[in-house]
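Trainee: Below are the structure tokens for one structure; questions will follow.
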Amino acid sequence: MRGFFKKIFGAKEPETLTIAFGSIPGILDEREAAARSLLKEQTHAPQQNIRNGIAQLQLIVNAIAGAEHDPEIHPKLKSIAKNTLPQYIRAMNTAMAKELPEESEEFYPAAVECVKNCLNSIRGPGRYLQIVFPDEMKASRMGIDTLGHEINAITSALGAYQKEMARVSEARLQHAAIVSCSEDLAKAADKSQRTRQRIDETTRRLREIGEELAAMPSDPRMAGLAEMKSTLTGLEAHLEAKTRSYAALSMTASHVLRKAEKIATKQKHTSEIASLKQAMALLSDHELPACADLKTALVAAGPVVERMIGADEIVLKNKEERAVFSEAGRFATDMGKICSELHEQEDACRIAKEALEAHPLRVKTGSLEREKAQLEAMLKKEIQSQKDLADWQQKTQGRIPDLREELKKKMGAIVGRTVQYSDESLKPA
């Protein structure tokens with residue numbers, strides 16, 4: 046019974062078309078070729094009719110150009126026809142002179158332009174010729190109307206073709222977007238693997254550095270390093286104490302020297318002012334001055350201060366000031382000695398510090414600490430990069446099902462049937 050009805054009504058076309066995702070470009074190529082072929086088939090006759098119609102219209106125009114006027118026409122009309130006929134003939138010949146292309150998409154706008162120009166010629170200079178050449182002008186209008194009907198036929202076919210091509214183009218772009226996402230995901234997977242390897246290598250190296258640093262205290266050379274640190278600490282403490290003593294004496298002396306400089310300025314003793322200023326400048330300098338320069342300056346400024354103290358021009362207000370200037374010339378000698386000791390202690394500290402920094406354990410520790418800091422910064426960047434890449438992969442992977450579903454709908458609109466994919470193995474992972 047089923048075979049009987051099949052013979053009568055024919056086999057029912059399957060509602061769903063199953064296609065391979067990878068075959069879509071080929072299917073679209075076939076649809077595009079079929080659309081072009083159909084357009085060529087549908088526009089062949091109208092295009093030929095338009096060419097023939099233009100040729101027929103050219104014959105009519107040629108006939109008008111060589112026709113004789115009706116002798117009974119009013120002289121004024123003859124004059125108008127005489128003036129406008131050349132314009133009309135020239136306009137019509139210009140409109141029909143351009144060769145029409147073979148391809149339908151190029152033929153159509155050229156034919157529309159030709160008909161529009163011919164129609165403008167009839168409505169323009171041609172309107173004055175309708176009384177003089179009524180039959181010819183009527184034939185011209187009819188010829189243009191015929192061309193218009195043929196153009197309408199092309200319009201319909203071309204519109205359907207362009208609509209089909211737009212659908213094909215959209216499907217191509219959709220398919221390309223899916224393929225691009227799949228390729229990008231594959232590249233991202235490779236990049237993620239390389240990043241993971243770098244993270245593992247960096248983490249392993251950081252663990253090794255941690256183990257090396259943890260083993261440092263048990264190194265036999267650590268005792269020598271500790272002794273060098275202790276020596277440097279003692280030298281630095283001694284230097285700091287001596288520096289405080291020097292600074293205290295400098296501040297006390299500078300306070301008295303400043304008083305002396307004001308008195309010398311009032312007394313206009315230029316040479317004394319210069320000596321006092323030089324001594325104050327060296328005492329207040331943040332850098333330790335050369336001992337010889339300091340002693341020379343204090344030897345020159347000391348007698349000036351002592352004279353002013355003896356003349357009661359300067360009153361020493363506390364025991365510190367009295368201690369500094371208690372004996373003539375002693376302050377210069379003491380400060381020179383302290384300055385020399387400070388230079389020696391600074392040199393000793395510098396030599397001890399250089400020796401400490403050059404110790405193999407200290408060098409190795411510093412190198413490991415620097416490497417650790419660099420690797421930790423690199424690891425932080427790699428982890429963030431891995432996270433950003435994973436987020437992008439997740440978002441991109443989430444887009445693909447929607448893109449595939451949209452493509453199925455577009456393909457369904459093209460083939461006129463419901464479409465499903467046959468090869469899920471090509472579905473981007």
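Numbered according to my numbering, the sequence shown spans residues 46 to 474.
Beta carbons: idealized from backbone N, C-alpha and C, even for Gly.
Because the structure is a prediction, the values reported are computed rather than measured.
(1) Since R243 contacts E427 with CB under 8 Å, what's their CB separation in whole angstroms?
(2) Does DSSP classify I359 as helix, strand or coil?
(3) Compare the C-alpha of M353 against each of A326, T310, P70, F152 and name the closest.
(4) Go through the segment 374 to 428 residue by residue and report every complete run of the alpha helix (DSSP H) that reaches 4 residues or more, in order.
(5) For Q175, which residues does DSSP report across the bridge?
(6) Suppose only complete runs of 4+ residues qualify. What are the alpha helix (DSSP H) ranges in the segment 270 to 344, listed by chain order?
(7) Could you tell me the alpha carbon to alpha carbon distance between R212 and K127, rounded to whole angstroms?
(8) What separation, rounded to the nearest whole angstrom, lies between the Cα atoms of A80 and G204?
(9) Mapping DSSP to helix, strand and coil, what is L62?
(10) Hey, could you find the ends of the alpha helix (DSSP H) P152 is sitting in?
(11) Output needed for E195: all residues of its chain with C-beta closer than 6 Å, excluding positions within five of it in sequence on either side, in chain order.
(12) Provide the residue span of the alpha helix (DSSP H) that contains D74, from first to last.
(13) How long is the line joining the alpha carbons of S214 and E147, rounded to whole angstroms?
(14) Can you find at least 3 beta carbon pairs, one from the segment 388 to 399 and one from the segment 268 to 287, that sit closer than 8 Å?
(15) Comparing alpha-carbon positions, which option in S149, D229, F376 lies nearest S201?
(16) Please determine, among Q438, I459, Y466, the residue with the shortest C-alpha to C-alpha distance to Q238.
(17) Verify whether the separation of the beta carbon atoms of S329 and S299 is less than 8 Å.
(18) Does the beta-carbon of E306 have 16 or more other beta-carbons within 10 angstroms, so that it is buried, or is it exposed?
(19) Which same chain residues, not among the five before or five after V460, have their C-beta less than 7 Å away from its C-beta?
(20) Under the rule that 16 or more other beta-carbon atoms within 10 Å means buried, what is T88, buried or exposed?
(21) Kindly provide the ranges of any alpha helix (DSSP H) runs that are 4 or more residues long and lie completely inside the segment 168 to 231, ordered along the chain.
(22) Considering only C-alpha positions, which residue in the set S316, M137, A418, V344 is nearest to L327?
(23) Could you tell me whether the Cβ atoms of L302 and A259 are closer together than 8 Å?
Mentor: So, from the data block:
(1) 6 Å
(2) coil
(3) T310
(4) 375 to 403
(5) According to DSSP, Q175 bridges with nothing at all.
(6) 315 to 329
(7) 55 Å
(8) 11 Å
(9) strand
(10) According to the sequence shown, residue 152 is Phe rather than Pro. Run containing F152: 149 to 168, per the alpha helix (DSSP H) assignment.
(11) P91, N94, I95
(12) 69 to 111
(13) 24 Å
(14) yes
(15) S149
(16) Q438
(17) yes
(18) buried
(19) L62
(20) buried
(21) none
(22) V344
(23) no
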